[in-house]
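Written out below as structure tokens is the structure these notes cover.
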Amino acid sequence: MTTFMKEEDACLLPTYEKFPFALERGEGCWVWDEAGSRYLDLYGGHAVALIGHSPAEVAEAVSLQARRLLFYSNLVYSRIRAEAAKALVGLCGEPGSQVFFCNSGAEANENAMRLARAATGRPLIVATEGSFHGRTAGALAATGAAKYRKGVAGLGSDVVHVPFGDLPAAEASIGAATAGVILEPIQSLGGAVMPPAGYLKGLEDLCRRKGALLIFDEVQTGLGRVGERSAALAFGVRPHLQTFAKGLGSGVPAAATLAVADAAAKVRPGMLGSTFGGGPLACAAVAATLRTLSQRRLWENAAAMEALIRETFRFPRIKEIRGKGLLLGLVLDGPTKDVRKALLEKKIIVGGADDPNVIRLLPPLTVSAGEIGLLRDALAEIFASRTAAA
Ligand SMILES: Cc1ncc(COP(=O)(O)O)c(C=O)c1O
């Protein structure tokens, strides 16, 4: 532990378990620590390094914008905000869709639920067990994974949780008072849990029949990660509202709630608001990120790398590969903690999940076949040494 690490621990609330190193530089799928060692980051800095770490296009757009005008609020028009909004609607929306910009995934979900309540005049939200939607009160109330809500008071009773994947349970819970149904199309933190065939489409039909709005939390699944521009497009479902965050600004805090025309129709000035949301710096990062993502059609690489992983990660200890595109869960035959530690010793970063048997891969969508091969080889060595030791 260096002096500044000790200072960080002394001065920050101890809310995070940390890797035992400090990073100072990143490029593509790689990050470098202060000692100059490089790590292959297949966790993508918590799924944020969507088009790679510190992409030059974004760094340049942000520094140019910082020198021009760091900030002015939503009370004035902004050329770069228009560009960012148009790019997001073009990538993930349908004609007539509109965007509200904010700063984090939790906020984007709060705003989506508020819009659903405003559009329907109804109070209740249906959410799914095992989900994660963020840490602010409303987003946490919708979060179905109980451990995040444990000991938190004041979350209200206006959210009902139903099992993920259970259409009859959803049907029984969506009633005349239901404003919206919120879910992650693929539960990421839960362990890359896929929706059963027909489930998402069934929810869309249910929502339309019962006058509730369908909200897809695409904070992790959106923006090309699942091998399509959005999970909605990948599964052929039309949610009324979608939320995006994580890699939207390549690390500059940025998030968005995207509403189809019907859901947007009742929005009036003052209904939603944010000081920093839609600010010029964030929008410069969003516009540059989405431009690069679209020009390089990076979702196609996500689909190709998924196919490669499924083809080449054939180890007896991997029982199943869950997820889609580059949101993948390697389900092992037991807890993954030691394997993740051994990977870190080989300077490869991967993620865990609420399911202790799952290794989550959320690499930049630019990841190459060679880089995937490095993980494969490392896993082969680790599994072989453990078999030999056993
Ligand atoms: C699916 C999903 N929704 C919402 C959030 C919350 O996003 P944020 O941490 O930006 O508030 C996360 C964060 O990991 C997430 O994975």
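Heads up, the sequence shown is in the working numbering, so the first residue is -15 and it goes up one at a time.
Just so you know, even glycine gets a beta-carbon here, dropped at the ideal spot from N, CA and C.
On a predicted model such as this, the values are computed, not experimentally measured, just so you know.
For a quick check, are the C-beta atoms of residue i and residue j less than 8 Å apart?
{"i": "Ile206", "j": "Lys308", "result": "Reading the sequence as shown, one finds Gly at residue 206 and not Ile. Cβ atoms of Gly206 and Lys308: not closer than 8 Å."}
{"i": "Ala129", "j": "Phe116", "result": "yes"}
{"i": "Ala326", "j": "Ile366", "result": "yes"}
{"i": "Val83", "j": "Leu242", "result": "yes"}
{"i": "Ala286", "j": "Leu217", "result": "no"}
{"i": "Phe35", "j": "Leu277", "result": "What sits at residue 35 in the sequence shown is Ile, not Phe. It is a contact, given that the beta carbons lie within the stated cut-off."}
{"i": "Gly208", "j": "Leu282", "result": "yes"}
{"i": "Ile293", "j": "Tyr27", "result": "no"}
{"i": "Val315", "j": "Arg306", "result": "yes"}
{"i": "Ala45", "j": "Ala268", "result": "yes"}
{"i": "Gly164", "j": "Ala196", "result": "yes"}
{"i": "Gly89", "j": "Val203", "result": "yes"}
{"i": "Ile158", "j": "Ile109", "result": "no"}
{"i": "Ala68", "j": "Arg344", "result": "no"}
{"i": "Pro223", "j": "Ser62", "result": "no"}
{"i": "Gly10", "j": "Ser47", "result": "no"}
{"i": "Arg213", "j": "Leu75", "result": "yes"}
{"i": "Asp338", "j": "Gly138", "result": "no"}
{"i": "Pro147", "j": "Glu113", "result": "yes"}
{"i": "Leu24", "j": "Cys13", "result": "yes"}
{"i": "Leu310", "j": "Glu290", "result": "yes"}
{"i": "Leu99", "j": "Val251", "result": "yes"}
Taking the beta strand (DSSP E) that residue i belongs to, which residues open and close that run?
{"i": "Asp201", "result": "197 to 201"}
{"i": "Arg344", "result": "342 to 345"}
{"i": "Gly164", "result": "162 to 167"}
{"i": "Phe84", "result": "82 to 86"}
{"i": "Arg306", "result": "302 to 308"}
Can you tell which of the options has the C-alpha that lies nearest to the C-alpha of residue i?
{"i": "Asn95", "options": "Arg324, Ala337, Ala248", "result": "Ala248"}
{"i": "Arg301", "options": "Pro253, Arg193, Ala368, Met255", "result": "Ala368"}
{"i": "Ser258", "options": "Pro237, Arg222, Val244", "result": "Pro237"}
{"i": "Ala6", "options": "Thr(-1), Phe228, Trp16", "result": "Trp16"}
{"i": "Gly313", "options": "Ala181, Arg298, Asn341", "result": "Asn341"}
{"i": "Cys86", "options": "Ala71, Ala291, Val270, Pro4", "result": "Val270"}
{"i": "Ala181", "options": "Ala161, Asp150, Glu155, Ala163", "result": "Asp150"}
{"i": "Leu274", "options": "Arg193, Tyr132, Phe200, Phe228", "result": "Phe228"}
{"i": "Phe55", "options": "Ala266, Glu295, Thr(-1), Ala364", "result": "Ala266"}
{"i": "Ala43", "options": "Gly233, Ala353, Gly318, Gly114", "result": "Gly233"}
{"i": "His30", "options": "Pro347, Ala40, Asp246, Lys185", "result": "Pro347"}
Could you spell out the range, first to last residue, of the alpha helix (DSSP H) harbouring residue i?
{"i": "Tyr183", "result": "183 to 194"}
{"i": "Gly74", "result": "63 to 76"}
{"i": "Leu151", "result": "151 to 157"}
Any chance the CB of residue i is under 7 Å from a heavy atom of ligand 3?
{"i": "Ser278", "result": "For ligand 3, the structure offers nothing, since it holds only ligand 1."}
Requested in this report: Just list the beta strand (DSSP E) runs in the segment 90 to 142, keeping only unbroken ones of 3 residues or longer that don't cross its boundaries, in chain order.
Outcome: 108 to 112
Query raised in the report: Which parts of the segment 212 to 289 are runs of the alpha helix (DSSP H), unbroken and 4 residues or longer, counting only runs that do not cross its ends?
Result: 215 to 219, 245 to 248, 264 to 279
**Report entry** Sequence ranges, alpha helix (DSSP H) only - wholly within the segment -13 to 43, length at least 4
**Finding:** -13 to -5, 28 to 31
Query - Minimum length 4: unbroken alpha helix (DSSP H) runs contained in the segment 320 to 362 - result: 321 to 329
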